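S.K.: Numbering (UniProt numbering), first residue to last: 1 to 82.
Let me give you the structure first, and then I'll get to my questions.
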Amino acid sequence: MELLLKVDSKGRVLIPRALREQLGIRKLVKARVEGGRVVLEPVGDPVELLERAVVEGTEDVEGEIGELRRVAEVELRKLVEG
């Protein structure tokens, strides 16, 4: 599949829904430059994985999920920033 996509004034490119669905792209992608090309790879949402890991019966599920989200976001920033 080959598409011509527009880059807006802020440098954003919209990936069409059909292509996102086909490639399993949800909220996050990992981007790198390889051989003069931009390569995007789908990344599973770590927050969703953590939410599933929360034990049922926890007194403060929402609070625990919020804390896990904060930790996951910090770790993602470290991963992206190298």
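Glycine included, C-beta positions come from ideal geometry on N, C-alpha and C.
Treat the numbers as computed from the prediction; the structure is a model and nothing was measured.
Cα separation between Arg37 and Val43?
M.R.: Between Arg37 and Val43, the C-alpha separation is close to 19 Å.
S.K.: May I ask you to report which of helix, strand or coil DSSP gives Leu40?
M.R.: Residue state, collapsed to three classes: strand.
S.K.: In terms of alpha-carbon separation, which member of Val39, Val47, Leu79 lies closest to Arg70?
M.R.: Nearest of Val39, Val47, Leu79 to Arg70, Cα basis: Val47.
S.K.: I need the straight-line Cα distance from Gly66 to Val39, nearest angstrom please.
M.R.: Whole-angstrom Cα-Cα distance: 31 Å.
S.K.: Whole angstroms are fine: how far does the CA of Arg26 sit from the CA of Arg20?
M.R.: Taking the straight line from one Cα to the other gives about 7 Å.
S.K.: Looking at the structure shown, is Lys30 part of a helix, part of a strand, or coil, going by DSSP?
M.R.: Strand at Lys30.
S.K.: To the nearest angstrom, how far is it from the Cα of Thr58 to the Cα of Gly35?
M.R.: Each residue's alpha carbon lies about 49 Å from the other.
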